[in-house]
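So the sequences go chain by chain: A and B.
First residue of the first sequence? That's 1 in the working numbering, and the numbers climb one at a time after it.
First residue of the second sequence? That's 1 in the working numbering, and the numbers climb one at a time after it.
All C-beta atoms, glycine included, are put in the ideal place defined by N, C-alpha and C.
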Amino acid sequence: MVIELGHYALILALLLAAAQAFFGLAGPVLRRERWLAAVPSAACGQFVFTALAVAVLVHAFIVNDFSVRYVAENSNSALPLFYRVTALWGAHEGSMLLWILVLALWTMAVVASMRRLPVEFAARALGVLGVISFGFLLFTLATSNPFARLNPAAPDGNDLNPVLQDPAFAIHPPILYMGYVGFSVGFAFACAAMLEGRRDQLWARWMRPWTVMAWAFLSCGIALGSWWAYYELGWGGFWFWDPVENASFMPWLIGTALIHSLAVTEKRGLFKSWTLLLAVTAFSLSLLGTFLVRSGVLVSVHSFAADPSRGIFILAFLVVMIGGALLLYAWRAPRMKSAAGFDLMSRESFLLFNNILLTIAAAVVFGGTLAPLIADTLGLGTLSVGPPYFNPSFLVPMLPLLALVPLGMHARWKRGGLGEAGRPLLIALAVAAVLALALAFGVYAHPLTLTPIGATLGIWIMFAALIDPLSRWRRRLPLPAGVLGMSIAHLGLGVFVLGITFVQSNTIERDIALKPGESAQIGSYTFRYLGGEDIEGPNYEGFRGTVGISRGGRAVTVLHPEKRRYWVQGTVQTTAAIAPGLNRDLLAALGEDVGAGAWSLRFQYRPLIRLIWLGALIMAIGGVTAVLGWRQRGLAPSDASTAIAPGGPLGAATGSPAGSRGGVS
Amino acid sequence: MTPRRRRLLWVLGILVGVAAAGGLALRAFQQNVMFYFDPSKIAAGEVKPGQRFRLGGMVEKGSVQRIPGTLEVRFVVTDFRHSVPVRYSNVLPDLFREGAGVVAHGRLDANGTFVADEVLAKHDEKYMPPEVARSLNQGASSRTQ
């Protein structure tokens, strides 16, 4: 009975989404005041009923209701309570429900801050969000109903995929979805601006905090996924260029381009149509990612929840949404003329290059991800594209981009030039080069050609990020939130670059068969296999090895890698043991019993790998810092001097410019 | 320089950059793309000598042999019509087992043995790479005819 309530709640959410879409899009056109007023109510109702549906499903997991097929397929009475809750998004149906819930959360956030927006603009944006929500609710109800019953009920559940029985799985999908789905707000704002036919750039100011926030979530989500794969998939890889990883990485790249292009549009009124196109593209890539992950068209380590028949629906939805947005763009974007010019060495130029290079990088990833699919469809053979393609091709746009970051951060708007930041930048570059060479040849021997270059860029970016905050602090000048956020985010980028440079060039990895007492040399560390014992967990049994690690005769740490066999599914899983450190990670994983008393083992030494995730986290903190700062001032990002009265026909007619209603929260 | 000519230079510069990046990416793609072959295609001589490729099929039952106490392992990959012996000397993935689908990256040596440098098994029991499933289905149906 409770289950059916969840199902009905989801159907009600669908109807309310339809109402939200209809009133939001038709209201401003037909100028019905009451329709406009109904939009936020419909959005709130949609959120309430979606949340109710999610609560019902969570309840079913908690009380082990195996008459629900989704629960029976993804849970088990022996599964710990914590994982019974997170099993909600352990497979396809629940993931879609999570997608919808996250979209409803973003929608609620838009409703909560609506006062700062003109009524029609907000209504249209919510209308577009309603269309997206309607599509996904319809998809879920029609093809992947999480409330479908099993008759008769299963005696016990099939258990959650063991790989997903991990604390990181509790936060990785929700955070990632917050990022992915968050770009829908930017998309909705872009569509609303185009529907209104606005000629000003106020929409850019409204869109900016939302996009930066979604971008920060996505950065965090991708980093979490990478960290999770690193320790959970057992083999110490942190990025595989897997289609599903690429599916989240492409929106990130375009999203990064978007937040930079938004800065230009908001401050200088340039790149308007380009920014709109990026906003449409970022969310389109999110949708494409959902399609790739959920349709099972691509071979991927993540395709545990694949079903080709659902692909058609998502593909159709994809075509309608993206096609519709692009048509709108073709119709309305030419109106958005940008008049101002700028010099070669200006901030605008650097941000233009940033956008071009990031778009090329996204295209490189896009090509490599979709090539197997296209080749297969055209009958050109079954092929696969891996790191040997992605790594070098990705570096081609990335290296010049990184080299331009320190300059772009300090270039002045319009007239250009580095001003007084020129000297400190040059000194920073010299110091960075010296430090990089010392690291590459002194601390970590055997560098690749790219090692000193990558390290120099990383350190230079870190220094460059500090120049502005330090000089402002010395002169007791105020530090605006936007500048602080940008500095923090770029500092994170530098940390990330430094980390990935040394991980890529100085990782040592070795597979070896050892009997108890035997040892292997990994760089300067000695890994000694000391034997092992049988173990038993709540829902698995296994073998636990002991590996003692020493360096120069001194004990460093003892690791306990495990091999587990989960009872219900009979799945064997490697649980690697990792000794983390800011300067290096040491990893030991068990292979299998290879006879004669020996086990096969995998040992790894990875320098500075923590900097990769730390860097991503700092980037995200930078984004959040900027957004919180902008919010605190109660206004959108820029100073008042750039505000231009809205010239859209409706905005002028109804006289509701945001400036006058931009209240304080 | 007139603004018009400057803009033209800009556009040209960007086009050259994009073309260069595209060219490099295409080159990397051509050199590193890996084709998939099943044992029947190998028997038909479709693989060029020395070519690195993906081999897919089923691990033949009873074919896995180890040299005790070492990483050296040998097994046979079959699509029910033809089979190929495989040699590998690294840690095998968790889902590797006899009678299950497998994908391996590597090259053929002079004796026709596939020397694998990477063996993949995806982390779901039920999951079978689509190309492997296709090879096995074709193999099985051709045998019943």
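- Put simply, the backbone Cα of residue 316 of chain A is about 31 Å away from that of residue 357 of chain A.
- In this structure, the straight-line span from the alpha carbon of residue 539 of chain A to that of residue 161 of chain A is close to 12 Å.
- For the pair residue 146 of chain A and residue 70 of chain A, the CB atoms are nearer than the 9 Å cut-off.
- Going by C-alpha positions, residue 72 of chain A is about 41 Å away from residue 87 of chain B.
- The Cβ of residue 75 of chain B sits no closer than 9 Å to any Cβ of chain A.
- Around the beta carbon of residue 583 of chain A, a 10 Å sphere encloses fewer than 16 other beta carbons of the protein chains shown; the residue is thus reported as exposed.
- Annotated as proximal: residue 525 of chain A and residue 549 of chain A, with beta-carbon spacing under 9 Å.
- Residue 538 of chain A carries a coil assignment under DSSP once its states are collapsed to helix, strand and coil.
- Where residue 555 of chain A is concerned, the enclosing beta strand (DSSP E) starts and stops at 554 to 559.
- For residue 283 of chain A, the closest of A/351, A/75, A/211 and A/240 by C-alpha to C-alpha distance is A/211.
- Shortest Cα-Cα distance from residue 2 of chain A to any of A/44, A/119, A/148 and A/87 involves A/148.
- Within the same chain, and ignoring the five residues on either side of residue 385 of chain A in sequence, the residues whose Cβ sits closer than 7 Å to its Cβ are 368, 371 and 372.
- Put simply, the CB of residue 488 of chain A is far from chain B, with every gap to its CB atoms at 9 Å or more.
- Distance check between residue 122 of chain A and each of A/24, A/455 and A/403 places A/24 closest, using alpha-carbon atoms only.
- Between residue 80 of chain A and residue 167 of chain A, the alpha-carbon positions lie close to 12 Å from each other.
- Under a criterion of Cβ atoms nearer than 8 Å, no residue of chain A is adjacent to residue 58 of chain B; the nearest Cβ is some 17 Å distant.
- Not a single C-beta of chain A is nearer than 9 Å to the C-beta of residue 44 of chain B.
- Chain-order list of chain A residues neighbouring residue 81 of chain B: empty, with the shortest C-beta distance near 17 Å, by a criterion of under 8 Å.
- The distance from the Cβ of residue 49 of chain B to that of residue 596 of chain A is about 36 Å, inconsistent with a contact at the 8 Å cut-off.
- At a cut-off of 9 Å between beta carbons, residue 114 of chain B makes no contact with chain A.
- For residue 58 of chain B, the uninterrupted beta strand (DSSP E) segment begins and ends at 53 to 59.
- Think of a sphere of 7 Å around the beta carbon of residue 131 of chain B: the chain A residues whose beta carbon falls inside it are 382, in chain order.
- By the rule that beta-carbons nearer than 9 Å mark a contact, residue 101 of chain B does not touch chain A.
- Taking a Cβ-Cβ cut-off of 7 Å, the neighbours of residue 66 of chain B in chain A comprise 594 and 595, given in sequence order.
- Contact annotation: in the stretch 382 to 412 of chain A, residues whose CB is within less than 8 Å of a CB in chain B are 382, 383, 384, 385, 386, 388, 389, 392, 393, 396 and 397.
- A direct Cα-to-Cα measurement between residue 399 of chain A and residue 21 of chain A gives close to 44 Å.
- Counting along the chain, residue 46 of chain B sits inside no beta strand (DSSP E), nor does DSSP assign it H or E at all.
- DSSP, reduced to helix, strand and coil, places residue 98 of chain B outside both helices and strands of the structure shown, so it counts as coil.
- Note that the C-beta distance between residue 60 of chain A and residue 190 of chain A is not below 9 Å.
- Comparing alpha carbon positions, the residue from B/118, B/137, B/133 and B/138 closest to residue 34 of chain B is B/118.
- DSSP links residue 526 of chain A through a beta bridge to A/521 and A/550.
- The three-state secondary structure of residue 169 of chain A, taken from DSSP, is helix.
- At the C-beta level, residue 545 of chain A and residue 560 of chain A come within 9 Å of one another.
- Burial is judged here by how many other beta carbons sit within 10 angstroms of a residue's own beta carbon; residue 268 of chain A has at least 16 and is buried.
- Shown in chain order are the members of the stretch 506 to 521 of chain A whose Cβ falls below 8 Å from a Cβ of chain B: 511, 512, 513 and 515.
- The C-beta of residue 54 of chain B comes closer than 9 Å to at least one C-beta of chain A.
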